Amino acid sequence: MVANASTAARANRGRGSVAYRRAIPYLLSLPALLVTIGVLIPFVTAVVYSLQRYNLAFPQGRAYIWFDNYLQLAMSADFWHTVAVTLIYTLATVGVEMVLGLAVALLLQKRTVINDVMSVALVLPLMVAPAIASLMWKLMTNTQFGIMNYLLTVVGIQHFGWATDPNTAMFTVVLVDVWVFTPFFSILLLAGLRGLPSGPFEAAELDGVPRSFVFFRVTLPMLMPYILTAALFRMFDSIQQFDIPYAMTQGGPGDALMVFQVRAYLEAFTYTNLGKSAAILMVLWAITYFLSQVMIKRWLAMREKAHGAA
Amino acid sequence: MSIRSLLRALGLLAVGLFFLFPLFWVLMMSFMTNADILRSPPSLIFEPTVSNYTSLLSGSLASQVGTLNVDYVQNLMNSFILAAGSVVLSLLLAVPAAYAFARFRFRGGENMAFTILSFKFAPPLLVLIPLLGYFRQIGLTDSYIGLIWVYQLITLPLVLWIVRGYFEDISEDVEYAYRLDGHSWWETFTRIALPLARPGIASAGLLAFIFAWNNFIFALVLGSSRVQPVTVGALNFVTASGIQYGQIAAALVLSILPTLAVALYAQRFLVQGLSLGAVKG
Amino acid sequence: MSYLQISNLSKSLGRAEVIRGLDLAMDHGEFLVVFGPSGCGKTTLLRLIAGVIKADGGEVAIAGESMAEVEPEHRGVAMAFQSFALYPHFSAFENIASPLRADGLAEREVKQRVQEVAGMLRITNVLDHMPKELSNGQKQRTSLARSLIRRPRVLLLDDPLRNVDAKLRYEMRIELPEVLRQFETTVLYVTQDFKEAMALGDRVAVMLDGAIRQVDRPANIYRRPADLDVARLFGDPPMNLIPTRPQRHNGGGITVRLGESVLDAPGCPERLLDRECVVGIRPEDVHFLDSREGDCLPVRLEAVMPLNVRTAMLVTAPGALELTSSAWDIREARDEENDTAVRIDLNGAVYFDPDSGQRVQ
Numbered sequence: 007m008v009a010n011a012s013t014a015a016r017a018n019r020g021r022g023s024v025a026y027r028r029a030i031p032y033l034l035s036l037p038a039l040l041v042t043i044g045v046l047i048p049f050v051t052a053v054v055y056s057l058q059r060y061n062l063a064f065p066q067g068r069a070y071i072w073f074d075n076y077l078q079l080a081m082s083a084d085f086w087h088t089v090a091v092t093l094i095y096t097l098a099t100v101g102v103e104m105v106l107g108l109a110v111a112l113l114l115q116k117r118t119v120i121n122d123v124m125s126v127a128l129v130l131p132l133m134v135a136p137a138i139a140s141l142m143w144k145l146m147t148n149t150q151f152g153i154m155n156y157l158l159t160v161v162g163i164q165h166f167g168w169a170t171d172p173n174t175a176m177f178t179v180v181l182v183d184v185w186v187f188t189p190f191f192s193i194l195l196l197a198g199l200r201g202l203p204s205g206p207f208e209a210a211e212l213d214g215v216p217r218s219f220v221f222f223r224v225t226l227p228m229l230m231p232y233i234l235t236a237a238l239f240r241m242f243d244s245i246q247q248f249d250i251p252y253a254m255t256q257g258g259p260g261d262a263l264m265v266f267q268v269r270a271y272l273e274a275f276t277y278t279n280l281g282k283s284a285a286i287l288m289v290l291w292a293i294t295y296f297l298s299q300v301m302i303k304r305w306l307a308m309r310e311k312a313h314g315a316a
Numbered sequence: 180m181s182i183r184s185l186l187r188a189l190g191l192l193a194v195g196l197f198f199l200f201p202l203f204w205v206l207m208m209s210f211m212t213n214a215d216i217l218r219s220p221p222s223l224i225f226e227p228t229v230s231n232y233t234s235l236l237s238g239s240l241a242s243q244v245g246t247l248n249v250d251y252v253q254n255l256m257n258s259f260i261l262a263a264g265s266v267v268l269s270l271l272l273a274v275p276a277a278y279a280f281a282r283f284r285f286r287g288g289e290n291m292a293f294t295i296l297s298f299k300f301a302p303p304l305l306v307l308i309p310l311l312g313y314f315r316q317i318g319l320t321d322s323y324i325g326l327i328w329v330y331q332l333i334t335l336p337l338v339l340w341i342v343r344g345y346f347e348d349i350s351e352d353v354e355y356a357y358r359l360d361g362h363s364w365w366e367t368f369t370r371i372a373l374p375l376a377r378p379g380i381a382s383a384g385l386l387a388f389i390f391a392w393n394n395f396i397f398a399l400v401l402g403s404s405r406v407q408p409v410t411v412g413a414l415n416f417v418t419a420s421g422i423q424y425g426q427i428a429a430a431l432v433l434s435i436l437p438t439l440a441v442a443l444y445a446q447r448f449l450v451q452g453l454s455l456g457a458v459k460g
Numbered sequence: 134m135s136y137l138q139i140s141n142l143s144k145s146l147g148r149a150e151v152i153r154g155l156d157l158a159m160d161h162g163e164f165l166v167v168f169g170p171s172g173c174g175k176t177t178l179l180r181l182i183a184g185v186i187k188a189d190g191g192e193v194a195i196a197g198e199s200m201a202e203v204e205p206e207h208r209g210v211a212m213a214f215q216s217f218a219l220y221p222h223f224s225a226f227e228n229i230a231s232p233l234r235a236d237g238l239a240e241r242e243v244k245q246r247v248q249e250v251a252g253m254l255r256i257t258n259v260l261d262h263m264p265k266e267l268s269n270g271q272k273q274r275t276s277l278a279r280s281l282i283r284r285p286r287v288l289l290l291d292d293p294l295r296n297v298d299a300k301l302r303y304e305m306r307i308e309l310p311e312v313l314r315q316f317e318t319t320v321l322y323v324t325q326d327f328k329e330a331m332a333l334g335d336r337v338a339v340m341l342d343g344a345i346r347q348v349d350r351p352a353n354i355y356r357r358p359a360d361l362d363v364a365r366l367f368g369d370p371p372m373n374l375i376p377t378r379p380q381r382h383n384g385g386g387i388t389v390r391l392g393e394s395v396l397d398a399p400g401c402p403e404r405l406l407d408r409e410c411v412v413g414i415r416p417e418d419v420h421f422l423d424s425r426e427g428d429c430l431p432v433r434l435e436a437v438m439p440l441n442v443r444t445a446m447l448v449t450a451p452g453a454l455e456l457t458s459s460a461w462d463i464r465e466a467r468d469e470e471n472d473t474a475v476r477i478d479l480n481g482a483v484y485f486d487p488d489s490g491q492r493v494q
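Each protein sequence line maps, in turn, to chains A, B and C. Each number in my numbering corresponds to the 1-based position in the first sequence with 6 added. Each number in my numbering corresponds to the 1-based position in the second sequence with 179 added. Each number in my numbering corresponds to the 1-based position in the third sequence with 133 added.
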């Protein structure tokens with residue numbers, strides 16, 4: 007008796023199931039795709055809005071004006087102010103977070119009890135909703151009773167306006183962003199640091215190479231992929247940041263914090279100018295789309311490496 | 180102690196202070212009366228009170244200008260419902276999809292994955308403003324379902340991104356072996372792949388919960404006051420007049436407690452999920 | 134009709150053509166060894182037979198019926214993986230029981246059959262362990278037990294002894310065929326180790342670059358390899374391969390020139406007269422002599438490599454001729470000796486066409 011009866015029987019089951027088999031991946035992934043495709047319709051609608059003169063206050067005036075909205079934006083000083091403010095915000099936040107995040111990761115690199123506890127504790131700001139973080143700092147920087155102002159008077163600085171002063175409002179929101187999102191960098195870089203091979207470092211130590219050299223010529227280059235990936239992620243978020251500036255001052259004082267999405271929000275909900283709002287958002291989308299293509303290429307390349315090595 | 184370790188210790192102290200002090204201070208404020216808060220210079224020694232919390236939770240806030248009725252508890256409930264609902268839906272949709280993308284090489288697979296993941300990158304308002312118009316027409320503005328569906332834009336790509344990496348890490352041989360034993364691909368998925376990917380699914384779910392809870396703009400645009408979560412509720416709170424600062428602090432503390440608790444409870448999962456997700460995709 | 138018939142199978146992974154035009158036929162109950170270096174496509178071949186990946190072209194048939202439309206779980210094929218592929222979250226017992234659970238057998242029968250197979254493979258004492266608690270040898274036996282328990286029609290073994298330590302490998306090389314014989318199943322065993330191939334199989338199929346080069350009894354492959362690649366692979370130390378040009382000797386016989394010497398070549402095909410070819414001489418046919426007496430070829434001993442019960446010696450002869458000689462006694466490594474000689478026996482020599490690499494009859 008060679009093959010068990012059951013294996014022979016089993017061999018006769020499941021005829022014609024190959025067509026079903028080929029459909030499986032589609033069955034599995036289609037629901038997810040459909041849910042997100044539900045987003046395409048509003049997207050197309052937004053494109054249409056951006057090509058129209060559409061103000062909810064004057065619905066009868068709704069008409070296609072094609073690229074006039076965009077032209078008006080290009081000629082409007084307010085728009086370029088928004089671009090400038092957004093750029094400053096993005097560069098400041100990503101720049102500071104990158105450096106500070108790296109510094110924190112380096113500080114926590116060695117596995118000691120204190121470091122491990124601190125690593126956990128330092129994740130907490132990242133878990134706070136950015137809007138809530140903004141409100142927290144708003145409380146703390148209140149010019150009347152805020153603890154921050156008190157601390158400043160201790161070092162001799164009186165009358166710091168924080169978010170109420172157009173000159174320091176940007177600094178304030180950048181500070182909030184740094185507080186919330188630096189841990190993103192430090193977690194990633196810490197993981198990267200801990201994952202680095204010890205070989206080169208041991209060799210450098212044996213050879214008596216000065217630590218600064220090791221850092222700049224060995225550690226940093228090896229960490230570059232992580233740093234750049236994290237920076238690209240954050241750049242996305244910062245360019246589109248809404249929660250933090252909106253929760254702090256709704257764009258003010260004046261238009262000191264009028265980053266793209268805040269501007270678009272106000273155009274849509276305060277000035278009811280849907281056409282203009284959509285145009286602003288389309289410009290933003292173009293920028294982020296371009297950035298995302300860059301990022302996807304890097305990410306694909308890193309995936310290749312990670313999976314190729316496996 | 181060398182200069183180096185002294186500097187290191189100072190650095191650690193400075194960093195620790197910067198990141199943890201605000202949390203500590205707002206917590207302190209939530210136990211202070213208005214009088215204590217407005218006192219100058221501020222002092223760490225005061226008589227703690229829970230009146231801020233009791234007023235918040237009871238829903239009626241007494242102040243100089245009279246009594247205000249605020250349903251912050253409802254906001255907290257909403258946050259739970261929206262976040263948990265989104266995570267459940269995302270897991271149901273994204274985990275099978277992640278498996279399909281990880282295991283099956285099918286036409287249009289990479290493109291599909293790309294499309295879903297790329298929605299993460301579009302400016303939310305671009306979609307939200309037109310969506311508001313549609314919601315009003317369909318009547319979804321006052322519902323949880325509408326918001327949970329829109330939240331998928333955030334949670335679905337996240338879960339897909341993380342879980343796919345975990346599925347790819349499972350050796351194919353183990354799944355082949357299970358198939359050759361006589362089990363169908365569905366049994367292989369549920370009895371081998373899912374259990375082995377459980378850490379990834381857990382960290383994806385936790386991260387998605389946190390992202391959903393912390394969301395602000397989706398709820399701001401699309402949610403009515405009946406369904407708004409604490410993020411929007413807290414802002415309304417702060418900008419309303421006659422609210423005492425201690426109560427604001429208490430509201431803020433309540434809004435961050437759940438995510439902080441999740442983070443502390445499952446921090447290893449989260450760190451794994453974040454770093455694996457970002458590096459390996 | 135053979136029991137397992139593979140015809141013109143081809144499969145590409147990405148841009149690389151891993152399997153091309155592969156033909157193989159196995160009889161019912163046969164033990165066939167597929168031998169080839171790493172990267173030749175052996176694992177892919179097994180996966181194609183098992184059905185867990187789909188071929189680009191060609192066909193696999195079992196018991197006369199094509200497997201093109203048959204899912205892996207319905208083929209009656211079992212496979213033991215090189216990486217063991219045990220389910221980490223199941224106990225050893227549950228790992229082995231898995232196929233029976235798929236059949237929906239009653240608990241009592243499952244227990245009995247698992248115990249039976251575990252007994253044959255001597256792992257009954259670790260049945261309640263989790264895979265990470267098992268040694269490599271125990272993992273391998275568990276993996277084997279799992280594949281044998283449902284008496285598959287075809288059993289595929291992917292280099293099962295590779296990840297097992299040397300002593301256990303030696304034991305299992307003897308034990309495994311015994312166990313398998315009790316199951317009377319058709320076995321396809323894949324290995325990179327030619328000694329294993331020679332020891333285990335009724336027949337050996339030599340696989341290179343995605344195709345089968347030669348299928349025959351191991352001794353025949355050893356004595357008459359089909360081409361130069363097979364000749365190089367199949368032998369340790371490898372066959373001596375020397376380019377030469379057979380000539381007709383005045384006395385009528387064919388001779389070949391090796392280095393500066395001319396030797397009688399009785400087995401040389403007439404076709405190769407006056408043509409460039411490659412002659413293959415096994416090291417055992419290069420008899421090492423301690424002194425230069427009698428009919429011999431003077432050589433210089435360059436190096437001595439002790440290999441278990443044999444010794445291989447590298448020698449050079451005038452005319453830039455390098456040869457490997459192997460002797461059955463254990464020689465000591467001494468410094469190069471200048472007073473040594475070899476006698477080359479060309480009776481068992483084989484001849485190859487230098488362009489196609491094929492052996493010439």
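For glycine and all other residues, C-beta sits at the position ideal for the given N, C-alpha and C. All figures in this text were calculated on a predicted structure; none of them were measured in a lab.
Distance cutoff 8 Å, beta carbons only. Does residue i sit that close to anything in chain B?
i, result
"S82(A)", "no"
"H159(C)", "The amino acid at residue 159(C) is misidentified as His; the sequence shows Met. So no, M159(C) is outside the interface."
"F191(A)", "no"
"S394(C)", "no"
Have a look at the options and flag the residue whose alpha-carbon is nearest the alpha-carbon of residue i.
i, options, result
"R183(B)", "I293(A), R217(A) and N75(A)", "R217(A)"
"K144(A)", "Y424(B), P303(B), S230(B) and S297(B)", "Y424(B)"
"S403(B)", "L326(B), Q426(B), V194(B) and S209(B)", "L326(B)"
"A306(C)", "L454(C), E329(C) and T324(C)", "Checking the sequence shown, residue 306(C) turns out to be Arg, not Ala. Here the closest residue by C-alpha is E329(C)."
"I229(C)", "A445(B), L359(B) and F448(B)", "L359(B)"
"D407(C)", "L396(C), V389(C), E393(C) and E204(C)", "V389(C)"
"T410(B)", "S434(B), A419(B) and A428(B)", "S434(B)"
"K272(C)", "V339(C), I256(C) and P351(C)", "I256(C)"
Report buried or exposed for residue i, applying the criterion of at least 16 other Cβ atoms within 10 angstroms of its Cβ.
i, result
"P336(B)", "buried"
"R274(C)", "buried"
"A63(A)", "exposed"
"T276(A)", "exposed"
"H207(C)", "buried"
"I152(C)", "buried"
"A80(A)", "exposed"
By DSSP, does residue i sit in helix, in strand, or in coil?
i, result
"A194(C)", "strand"
"H496(C)", "One cannot answer for residue 496(C) here, as it falls past the ends of chain C, which runs 134 to 494."
"P431(C)", "strand"
"V185(C)", "coil"
"A436(C)", "strand"
In the DSSP assignment, find the unbroken alpha helix (DSSP H) run with residue i in it and report its ends.
i, result
"F390(B)", "R377 to W392"
"G152(A)", "Element bounds for G152(A): n/a, residue is neither H nor E."
"A170(B)", "No answer is possible for residue 170(B): it lies beyond the span of chain B, which begins at 180 and ends at 460."
"M133(A)", "L130 to M133"
At a Cβ threshold of 8 Å, is residue i touching chain A?
i, result
"S265(B)", "no"
Shorter than 8 Å from the beta carbon of residue i to some beta carbon of chain C?
i, result
"Y232(B)", "no"
Which residues mark the beginning and the end of the beta strand (DSSP E) in which residue i is found?
i, result
"K144(C)", "L137 to L146"
"Y484(C)", "V483 to F485"
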